[in-house]
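Single-structure report; data block below.
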Amino acid sequence: LWDRFLWILSETGYLHMQATRPHTIGHGLVDSPVGMAAHILEKYSTWTNPTFAHLPDGGLGKHFTKDELLTTVMIYWVSGTVVSSIRLYRETISARKFPIISAAHSIPIEVPSAVADFPHEMYHTPEPWCRDRLRNMLQYTTMPRGGHFAALEVPDLFAQDIRDFARKAETFHSKAKEQ
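The working numbering numbers the first residue of the sequence shown as 0 and each following residue consecutively.
Structural data, given as structure tokens:
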């Protein structure tokens with residue numbers, strides 16, 4: 000537990016900076032394509048698998064092509080949207096100051112839902128907590144591998160999980176129509 004706490008502490012400096020000073024880091028990233036690439040690609044390394052941080056190339060080549068990585072960086076660079084993407088952290092943290100937004104987070108979600116829990120994702124929500132809020136959670140999958148960027152890391156697992164959920168959702172809706 001202590002090791003997990005230390006890892007989270009070491010990996011969440013970005014969160015504090017982006018939640019409290021989004022324009023400071025954001026405008027620095029907009030000013031430098033190399034800085035932006037370093038910032039984004041570091042996340043691709045450690046959020047894919049924490050052990051990759053100790054590899055010379057950050058393990059980036061294990062799951063991603065250079066083209067995929069460069070495309071991600073270029074989307075932010077060419078569109079100039081890195082600052083607005085970072086503001087999400089500020090707005091999420093600030094939302095807790097407003098009772099109406101905090102209250103919205105306690106409203107049950109009734110639509111059919113699914114959760115895929117990847118082992119190298121930074122935070123995990125236990126299945127009972129998900130079921131408490133997602134009243135029609137049709138599927139909770141504990142994945143054998145993958146992290147934050149699962150759609151690129153393990154597209155086969157990711158896609159199969161979506162297909163499995165889609166079948167369950169179709170059955171759910173068919174039964175609902177019969178009632």
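Glycine is no exception: its CB is placed at the ideal position from the N, C-alpha and C atoms. All of these numbers come straight from a predicted model, not from anything done at the bench.
Closest Cα partner of residue i within the set the options
{"i": "residue 85", "options": "122, 162, 23, 165", "result": "23"}
{"i": "residue 88", "options": "154, 17, 6, 166", "result": "17"}
{"i": "residue 128", "options": "92, 143, 108", "result": "108"}
{"i": "residue 62", "options": "158, 112, 176, 144", "result": "144"}
{"i": "residue 39", "options": "177, 148, 178, 158", "result": "148"}
{"i": "residue 150", "options": "76, 67, 178", "result": "67"}
{"i": "residue 42", "options": "119, 102, 76", "result": "119"}
{"i": "residue 60", "options": "111, 159, 172, 152", "result": "152"}
{"i": "residue 75", "options": "142, 159, 172, 37", "result": "37"}
Inter-residue spacing [alpha-carbon to alpha-carbon] between residue i and residue j
{"i": "residue 1", "j": "residue 53", "result": "20 angstroms"}
{"i": "residue 168", "j": "residue 106", "result": "21 angstroms"}
{"i": "residue 161", "j": "residue 140", "result": "10 angstroms"}
{"i": "residue 121", "j": "residue 174", "result": "36 angstroms"}
{"i": "residue 50", "j": "residue 57", "result": "9 angstroms"}
{"i": "residue 70", "j": "residue 47", "result": "17 angstroms"}
{"i": "residue 136", "j": "residue 31", "result": "43 angstroms"}
{"i": "residue 104", "j": "residue 20", "result": "24 angstroms"}
{"i": "residue 156", "j": "residue 82", "result": "32 angstroms"}
{"i": "residue 91", "j": "residue 134", "result": "23 angstroms"}
{"i": "residue 177", "j": "residue 5", "result": "52 angstroms"}
{"i": "residue 154", "j": "residue 93", "result": "34 angstroms"}
{"i": "residue 79", "j": "residue 45", "result": "24 angstroms"}
{"i": "residue 163", "j": "residue 146", "result": "20 angstroms"}
{"i": "residue 55", "j": "residue 64", "result": "16 angstroms"}
{"i": "residue 170", "j": "residue 96", "result": "40 angstroms"}
{"i": "residue 3", "j": "residue 125", "result": "16 angstroms"}
Any C-beta of chain D under 8 angstroms from that of residue i
{"i": "residue 131", "result": "The displayed structure is made up of one protein chain only, and chain D is not part of it."}
Contact belief for residue i with residue j at Cβ below 8 angstroms, rounded distance in angstroms
{"i": "residue 123", "j": "residue 116", "result": "6 angstroms"}
{"i": "residue 138", "j": "residue 113", "result": "4 angstroms"}
{"i": "residue 35", "j": "residue 77", "result": "Their Cβ separation, rounded to whole angstroms, is 11 angstroms, which puts residue 35 and residue 77 out of contact at 8 angstroms."}
Whole runs of the alpha helix (DSSP H) within the stretch 6-47, excluding any shorter than 4 residues: Runs found: 12-19, 21-30, 32-45.
Length-filtered (3 minimum) beta strand (DSSP E) runs lying within the stretch 114-159: 136-141
Go through the stretch 43-96 residue by residue and report every complete run of the beta strand (DSSP E) that reaches 3 residues or more, in order. none
Tell me whether the stretch 25-36 and the stretch 0-16 touch, counting them as touching only if at least three CB pairs, one residue from each stretch, are closer than 8 angstroms. Taking 8 angstroms as the limit for Cβ pairs, the verdict is that the stretch 0-16 does not touch the stretch 25-36.
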